Amino acid sequence: MFYIGIDIAKFKHDFCIFDDDTGELIVPPMTISNDKEGLQMLLNALSHLDRSQKIKIGLEATGHYGTLIKAFLTSNGYKFIELNPLQVSRFHSQTSLRRTKTDKIDCQVIARYLMAIATKTYQPQVYHLEALKSLTRLRETLVDQRSRCLVKLTNVLDITFPEFKKFFAAKLRSETALFIIRKYKTPSRIARWTDEDITLVHNVSRKISTSKLLEIKQSAIDSIGIAPKYLLDEIPSILNVYETVNDEVSKLEEKIKSIIFELDPPSLSIPGMGPISLATLLGEFGDFSRFPSAEQCIAYAGVDVGISQSGTKCHRGKMVKRGSSHLRYALMNVVRTVCIHTPTFKEYWVKKKVAGHKFHKFLRVADSHAAKKLVRVIYYLETHNTKYDPSRCK
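In the numbering used here, the protein residues as written are 29 to 422.
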């Protein structure tokens with residue numbers, strides 16, 4: 029068997045090849061450029077190997093830097109194993125006392141790590157899963173940017189019209205609220221509302237009553253806000269950015285939903301599981317066949333707890349929070365919705381909640397237990413290609 033270790037970088041890569049039969053380094057560490065010529069050099073080295081023997085190629089997970097070389101290997105019929113950089117680093121520290129670290133050494137460490145552990149070669153994530161991962165991460169970035177715009181807008185309103193927010197509690201981004209802010213800007217202009225203005229605002233979405241609009245007008249009359257010109261100039265800029273980002277988020281969500289509905293994954297049958305949340309989970313988990321068990325998925329998501337045991341003492345600590353923060357964030361957000369719509373999960377959540385306590389930290393403990401149960405259910409549904417059946421979920 030041949031073991032190939034590849035150390036990935038932005039502009040170049042280093043690789044080496046070991047022969048398991050002899051334990052010799054048959055191709056010493058070579059540096060190749062991250063371009064057509066460099067990748068062709070790697071292919072030439074691989075083509076000289078005896079294809080009757082197994083070939084294991086290992087590389088560390090390095091985000092988008094490894095996308096091109098992984099696509100190149102796949103297009104030429106080679107499978108590879110993506111390794112956790114932390115595990116490779118710990119393996120290196122355990123097998124060597126030296127603190128020397130170079131790219132040429134790293135590729136040899138990766139190859140030796142492949143030789144030392146039992147690994148399963150798998151095909152890389154399919155196109156749809158890669159697309160979901162990229163699109164959902166971009167959406168998360170834009171949603172964060174959209175939220176920052178609302179925070180900035182709130183800060184401006186705290187000075188110009190502090191009484192305004194109480195009429196749109198938690199709904200400042202509502203169509204009516206944004207329309208009022210963009211068109212009228214200051215309390216003095218709102219205080220001069222005519223019947224025509226009130227009718228105009230009411231017709232924007234008809235979700236706010238005329239009596240409520242009259243209350244807003246009265247608050248504007250009594251407002252203590254001030255309206256310096258620099259803040260009034262900021263409002264259109266903030267709203268323009270917000271609306272642009274909001275439109276892009278909507279477009280991304282449509283693309284994500286179209287992919288999810290095309291895939292029609294079994295986990296979509298879980299009550300309370302929305303297409304956007306599931307898209308994030310599937311994109312971050314990738315190919316479930318690479319996980320030997322559901323517990324491996326839980327560890328990959330970083331929602332398992334740390335355990336410290338010494339002698340007769342055993343302490344279970346906090347959530348380890350390793351792995352993808354995007355995955356963990358989506359998982360902890362969707363689990364409450366699933367618990368609301370799925371009686372089995374709700375009963376499990378209540379069972380895990382500390383009796384008599386309603387503090388946030390105890391609720392989050394119950395959430396984490398329910399999240400692990402959700403991962404187990406998703407793993408079973410995806411690996412067995414079956415729809416959710418509440419009678420079989422205990």
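By construction, the Cβ of each residue, glycine as well, lies at the ideal position given by its N, Cα and C atoms. The model shown is predicted, which means the values in this text are computed figures rather than measured ones.
Would you mind sorting residue i into buried or exposed? The rule is 16 or more other CB atoms within 10 Å of its CB.
i    : result
K341 : Residue placement at K341 cannot be trusted, given a pLDDT of 48 that sits under 50; what the coordinates show is reported in the next sentence. Looking at its Cβ environment, which holds fewer than 16 other Cβ atoms inside 10 Å, K341 is exposed.
A197 : exposed
V378 : exposed
T308 : buried
D78  : exposed
V179 : exposed
T370 : buried
L242 : exposed
L87  : buried
Y328 : buried
Y258 : exposed
G51  : exposed
G105 : exposed
Are residue i and residue j close, meaning C-beta to C-beta below 9 Å?
i    : j    : result
L157 : Y270 : no
V137 : F119 : yes
M29  : F43  : no
P294 : I249 : no
L163 : K213 : no
F289 : Y407 : no
I236 : T204 : yes
K381 : A399 : no
E312 : K193 : no
N62  : H41  : yes
R392 : M360 : yes
L142 : L111 : yes
L280 : R174 : no
C367 : G300 : yes
V232 : F207 : yes
I284 : L402 : no
T372 : S305 : no
Q165 : H354 : According to the sequence shown, residue 165 is Arg rather than Gln. Yes.
Three-state secondary structure (DSSP) at residue i?
i    : result
P256 : coil
E88  : strand
K379 : helix
H156 : helix
P190 : coil
T340 : Per-residue confidence for T340 stands at a pLDDT of 49, beneath the threshold of 50, marking its modelled position as unreliable; no derived number is given.
I263 : helix
A37  : coil
M58  : strand
L77  : coil
Y31  : strand
C44  : strand
G384 : The pLDDT assigned to G384 is 49, lower than 50, so where the model puts this residue is not dependable, and the model offers no usable value.
L53  : strand
I83  : strand
S239 : helix
G94  : helix
Thinking residue i and residue j are a contact (beta carbons under 8 Å), I'd like their distance in whole angstroms, please.
i    : j    : result
I263 : V171 : The pair is not a contact, with the Cβ atoms about 21 Å apart (cut-off 8 Å).
H230 : T238 : 6 Å
I97  : I32  : The Cβ separation is near 12 Å, so there is no contact.
K38  : Y93  : 6 Å
Complete alpha helix (DSSP H) runs within the region 202-228 (minimum length 4 residues, chain order): 203-212 and 215-219
Complete alpha helix (DSSP H) runs within the region 106-151 (minimum length 4 residues, chain order): 113-123 and 131-144
Entirely enclosed alpha helix (DSSP H) segments - the region 296-322, minimum 4 residues: 303-313
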